[in-house]
Amino acid sequence: MMPLTFANIGEENIIKKIGGNPETKKFLETLGFVVGGIVTVINEICGNVIVNIKESRVAISKEMANKIMV
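For the sequence shown, the residue numbers in the numbering used here are 6 to 75.
(1) If you drop the 5 nearest sequence neighbours on each side, which residues of the same chain put their C-beta closer than 8 Å to that of M7?
(2) Checking the sheet assignment: what are the DSSP bridge partners for A64?
(3) For the ligand COA, is there any heavy atom lying closer than 7 Å to the beta carbon of A70?
(4) What residues in its chain sit with their C-beta under 6 Å from that of N18, if we drop five residues either side in the sequence?
(5) If I follow the unbroken beta strand (DSSP E) through T45, where does it start and stop?
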């Protein structure tokens, strides 16, 4: 298991665990980040990560990405 920030660009990853406080988990869940979901890193800009999740492109901060384990 590794944080999403270490995932290779263009590679599909399965979400194994989501960390953080309950508010953070709920926020990520509303964006589509759920355990078992598939996430693909599209780009990384200044540490922030742009991902494809459930047919949508979402930009999340490095702090958020570090809480998502793949």
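Here a beta-carbon is modelled for each residue, glycine too, at the ideal position from N, C-alpha and C.
In this structure, then:
(1) The residue given as residue 7 occupies position 2 in the sequence shown. Within the same chain, Cβ atoms closer than 8 Å to the Cβ of M7 are found at M74, V75, the five residues on either side in sequence being excluded.
(2) By one-based count along the sequence shown, residue 64 stands at place 59. In the DSSP output, where bridge partners are listed per residue, A64 has I55.
(3) Annotation note on the ligand COA: not contained in the displayed structure, which lists no ligands.
(4) Locating residue 18 in the sequence shown gives position 13, counting from the first residue. Cβ within range, chain order: A12, V44, V75.
(5) In the sequence shown, counting from the first residue as 1, residue 45 sits at position 40. Looking at the DSSP string, the run of the beta strand (DSSP E) that includes T45 is 43–50.
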